[in-house]
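So the structure is just underneath, and the comments pick up after that.
Written out as structure tokens, the structure reads:
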């Protein structure tokens, strides 16, 4: 199984430990990740699409063309990239008029969108590998770990384009967390947005949204959160330190990127992963699992 | 008709409605010069007594055998004048109208010259058709005085009782083991808070006891053929494995049965045995064995024998019953929308989210929890309950319509809760509260009096508290404009009403239409809300659309009345505007054809192998689609024959054809729109010459070609919008037939913009006006010279094509 | 306030989508921004558009507060698709020079490097430490050309400023 690897901007340039965990987990599962020559930022679905939808679509289409030339489906690691690339792919495939218009612009850079590849998120790729095969590699189940699963928004919405899971009560990510042996705990406002889209304009209120979610996670007595998107990672892992509660203390909820969970469950040593790069201390998780940092 | 036509023409002034624009005297005088016209007069009011007397006198005096009245729309007074000529001894189908009011004087007010030309053309066209008219006799069919009611809910029960009381024999077929429907499942009804089964029970018993009603329960309608007054129905009785005659409902069998399965009547909240009656007041009070649940222990047989009976028979098979039926009433009710599809509300995921019907069963004293409303997470009574309305209704993702009764049943449920549990906190979350009928708003007021809280807002989603299993509802409180989280111990969802399972199958068996939401579709939403488009079939109750009990009961009685109307006199008249096949021309005798069979939306045509196709005239509705699609021109539609239509085309195009638009309008929609444009006094150019057909399906390609051959400037083919066709599929067939001409005509040299194919409803007068203005522009833009030249060039091609098709 | 003619694209969108809004509040119930910032209310925003007060909506900071979580898009029973409307409003506001600096910075960064963010020294060290491959440069000429062809003029380096 081989994919055109699209890690996006945030992961490689700001959170390389996420890239490392993803590469290690997928390699162990026999997935080949092929670099996309000259791929750029997907075209951020929030900050870029907000400025000019047409430019955004065309930039996304350019990236799709790169994958089409490779003849491989795209694997995205970031939910934002997933939304952008899949939206462009689906809309260009189904709207002939739009496709003609976009291809006219793309012809200026000698590219043409053909509609020959698919865009997949990490969980879709794992489903393609097959949950049985994945489970076989998980030799060190994360038993006893109570995980508050955070889907994020762009993995499942807008559902008429992404068509991946239910947009309000999805279950796939929970199932995959369960596959590692950990327990996905039920908590209130599970689908509440991390607030990343608000950070650029009002950082304080963005942190308020983070605090809101963390309180519900704490109420459910989770050991950690699990995310699939770098923006969610930044919101929950990085900015937790900025939240001062009435007690004066910060919340201390570790946040794991799902491939990190896969790696740990595969028996990969924590040192091989970049857990130390997390801004919210992840050691309590390791302790609960009986692993040393 | 062998004798020469002797035509009488009457041009009506209609006071000043026509005469202010059209010089009726002049038109009459000009018309007198037309061949075969014996008498041509004008008169102030043709529809009034003096006018009608004039016609009757002239028929006798001048031995007229055709009468033409040039006045208002045939949709208005055709029946009036038909009766008039009939009373003078002339066959009513030898009468024709020219619409010079709605289609002429009212819409070309400021262009009298053009209006007069057009009026004369319309009279000439009517005259041309009249020459080819034939006398027709209405078809009388005998009527079996037996009715079939499908569905034993409250609507079906009332329909059956009313018909039986009228003296007709009624078969009531119900697919579950007992009649009663949804109403039997309810605890109380709004706005009276009557105990539901208490008011329904006696009616159910009446049905069982009535000498004129034969109740066939645990049975379904499998096949229906025939036509109004003469249906042949096949009913399949499912095997109960209990002999109804022997069973006295004592229940000893159920006592010993070891199997327990979820009880559908209790919305699967409780259990029943494999041998069961659905509820204590069931009619018929006979047990039924659920063969799939049964483990074949035969303890029930022993218990029954101990009671001195031998009512159980495991060898029972399906039984087919053939019935001769005069009229059919469809009363098969509704189902509730599966609330688990509204994922955001957590039904099916969370323990304490229920549907309204589940609540009814819980709160009912003989329900699965003995009248106790309990949370399923901890089996205790909730301290707070939230009702959510419009679940699955008014939502473009689920069902777009409003289900009509949910607001009211929500109020009722809220009041019931408050009655049982005076201290429970009850909230109703709603967008709008619809309480339109008698006593309904007062019921709403009463709910408020009882301290039920109403919060306006449509919840976005519901979460479950991980520990307490309470529900947290996220919504905006529209009154304060603030988002809020409402924590409650139980949520009740008022889900939408949807068509019952099996509605699609039943619709096909009966050849009736269903509307866009899947409910059975009435013939006319305002004036014929009970009749199906297929004659002899009626709808009542929620089968036709979600409705409450009083409305369902009213419709049940209405359906009985409509049925009785047909069965009362023992025979029924059918309009003779039907199709018939010329056996000698029919292709099916030589090769396998059957095109007409597939095109007929009523299944009125049969074509046995090697034999000519045969039209069942009683089933034929007169759309003319088979006529137009027959490749051998073997089918004729009476009163709308090819000769009659072609004659109108020729008459219209005798003078200045290049300046004219030949417009084919269907009786129900496009002609209606044209009439409405006139009634509304909308002005538009006068280029169009209208030829009325019953359905756009009648329009043969040859008509279009003939019109161009005769030099027409433009041709316009129109009909109802897709989905609205009065004859179900006529317009689809017309589009399939006419659309290819757009590609074909340019090859003969005719500009494609000279043909228009338009679909619009009888309400769209403004569309019709705009269309005429556009067509006039096109004619002007092309100009007479160019049109003439194109027609000349195309003529040989058109002639060849028309020859080939035998047109 | 002078009522100018609503821009054609917005008019189409309002006619085809926003007019169906029957003010149920489903979009507000789980809206993250509405929870964090009381002045923000997507339902009221739609009502303003229906009433023709588009200019007020465009020029306000409010339309830039949406997190694009699309919950409103999923929850709306009338298919109004609020978040998508907000994108359209933001596009129109951008044309009028009203886009927030942070958003424009990202676009400029993309034109310059092909990424919306910069590779920090710390991140580079992490990459090396974790044994990750070098990040290859992106041919930004293509991106710049595409931006130009689609009339996007906010990413140019401020040559003329």
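Protein chains in written order, with the working numbering: chain H, 1 to 293; chain P, 1001 to 1807; chain E, 2001 to 2161. No residue lacks a Cβ here, since even glycine has one placed at the ideal position from N, Cα and C.
task: Indicate the three-state DSSP secondary structure (helix, strand or coil) for residue 2001 of chain E in the structure shown.
output: Model confidence at residue 2001 of chain E stands at a pLDDT of 42, short of 50, so the residue's coordinates are unreliable; what they give is reported in the following sentence. Coil at residue 2001 of chain E, not helix or strand.
task: Select from H/83, H/95, H/10 the residue whose C-alpha is nearest the C-alpha of residue 2068 of chain E.
output: H/83
- prompt: Can you find a CB in chain B that lies within less than 8 angstroms of the CB of residue 205 of chain H?
  reply: Absent here is chain B; the protein component of the structure consists of chains H, P and E.
- prompt: Nearest-angstrom Cα distance between residue 231 of chain H and residue 150 of chain H?
  reply: 12 angstroms
Reference residue 1226 of chain P; option with closest CA among P/1767, P/1055, P/1323: Residue P/1323 is the option with its Cα nearest to residue 1226 of chain P.
message: Counting C-beta neighbours from all protein chains within 10 Å, is the total for residue 2032 of chain E 16 or more, i.e. buried, or is it exposed?
response: buried
- prompt: Using the C-alpha atoms, what's the distance from residue 1283 of chain P back to residue 1291 of chain P?
  reply: Residue 1291 of chain P and residue 1283 of chain P have their alpha carbons spaced roughly 21 angstroms apart.
Per-residue contacts from residue 220 of chain H into chain P (C-beta, under 9 angstroms): 1466, 1467
field: Beta-carbon separation (whole angstroms), residue 1325 of chain P vs residue 1144 of chain P, contact threshold 8 angstroms
entry: Distance from residue 1325 of chain P to residue 1144 of chain P at the Cβ level is roughly 6 angstroms; contact confirmed, criterion being Cβ atoms closer than 8 angstroms.
- request: Identify every run of the alpha helix (DSSP H) within the stretch 1595–1664 of chain P, keeping only runs that are complete inside it and at least 4 residues long; order them along the chain.
  value: The stretch 1595–1664 of chain P contains these whole alpha helix (DSSP H) runs: 1595–1599, 1625–1629, 1642–1652.
Where residue 1987 of chain E meets chain H, residues with beta-carbon distance less than 9 angstroms: Past the edges of chain E, shown from 2001 to 2161, lies residue 1987 of chain E, and the structure says nothing about it.
task: With a threshold of 16 other CB atoms inside 10 Å of the CB of residue 1568 of chain P, please say whether the residue is buried or exposed.
output: exposed
- prompt: Which one of P/1634, P/1347, P/1558 has the shortest CA to CA distance from residue 1531 of chain P?
  reply: Closest by alpha carbon: P/1558.
message: If you measure between the beta carbons of residue 1105 of chain P and residue 1228 of chain P, is that distance less than 8 angstroms?
response: no
- prompt: Closest to residue 6 of chain H by CA distance: which of H/245, H/96, H/35 is it?
  reply: Of the candidates H/245, H/96, H/35, the one whose C-alpha sits nearest the C-alpha of residue 6 of chain H is H/35.
- request: Could you list which residues in chain H have their beta carbon closer than 7 angstroms to that of residue 1343 of chain P, in chain order?
  value: For residue 1343 of chain P, the chain H residues whose Cβ falls inside 7 angstroms of its Cβ are 166, 168, 169, in order along the chain.
message: Let me check one thing: in DSSP terms, what residues is residue 1107 of chain P bridge-paired to?
response: Paired residue(s): none; residue 1107 of chain P is not in a bridge.
query: Touch check for the stretch 1433–1445 of chain P and the stretch 1389–1409 of chain P: three-plus C-beta pairs under 8 angstroms?
result: A contact exists between the stretch 1433–1445 of chain P and the stretch 1389–1409 of chain P.
field: Cα-Cα separation, residue 1237 of chain P to residue 1265 of chain P
entry: 21 angstroms
- request: With DSSP collapsed to three states, give me the class of residue 1780 of chain P.
  value: The answer is helix: DSSP assigns residue 1780 of chain P an H, G or I state.
message: Runs of 3 residues minimum, wholly inside the stretch 22–107 of chain H: which ones carry the beta strand (DSSP E) assignment?
response: Fully enclosed beta strand (DSSP E) runs of no fewer than 3 residues occupy 32–35, 74–76 of the stretch 22–107 of chain H, in order along the chain.
- prompt: Going by DSSP, what residues sit across from residue 1043 of chain P in a beta bridge?
  reply: P/1012
message: At the 8 angstroms Cβ level, is residue 2145 of chain E part of the contact set with chain H, yes or no?
response: yes
query: How would you write the range of the alpha helix (DSSP H) that residue 1051 of chain P sits in, first residue to last?
result: 1049–1061
- prompt: Can you list, in chain order, the stretches of the beta strand (DSSP E) that have 3 or more residues and sit fully within the stretch 1134–1221 of chain P?
  reply: 1139–1142, 1146–1150, 1169–1174, 1213–1217
- request: Report the residue from E/2076, E/2018, E/2025 whose alpha carbon sits nearest the alpha carbon of residue 2053 of chain E.
  value: E/2018
Pairwise C-alpha distance: residue 146 of chain H and residue 221 of chain H: 8 angstroms
- request: Using a Cβ-Cβ cut-off of less than 9 angstroms, list which residues of the stretch 1449–1464 of chain P approach chain H; keep chain order.
  value: Residues of the stretch 1449–1464 of chain P that bring their beta carbon within less than 9 angstroms of a beta carbon in chain H comprise 1460, 1461, 1463, 1464, in sequence order.
message: Classify residue 1307 of chain P: buried if its beta carbon has 16 or more other beta carbons within 10 angstroms, exposed otherwise.
response: Answer is exposed; the Cβ neighbour count stays below 16.
message: Which same chain residues end up closer than 6 angstroms to residue 1403 of chain P when comparing Cβ atoms and leaving out the 5 residues on each side of it in sequence?
response: 1393, 1496, 1497, 1546
query: Given that residue 1397 of chain P touches chain E, what residues does it touch there, using C-beta distances under 8 angstroms?
result: 2077, 2079
Beta-carbon gap between residue 1581 of chain P and residue 1698 of chain P smaller than 8 angstroms: no
- request: Can you have a look at residue 1555 of chain P and say buried or exposed, based on whether 16 or more other CB atoms are within 10 angstroms of its CB?
  value: buried
field: Which of helix, strand or coil DSSP assigns to residue 1255 of chain P
entry: helix
- request: Would you identify the three-state DSSP class for residue 1346 of chain P, choosing helix, strand or coil?
  value: The answer is coil: DSSP assigns residue 1346 of chain P none of H, G, I, E or B.
- prompt: How big is the Cα-Cα spacing for residue 1302 of chain P and residue 1275 of chain P?
  reply: 13 angstroms
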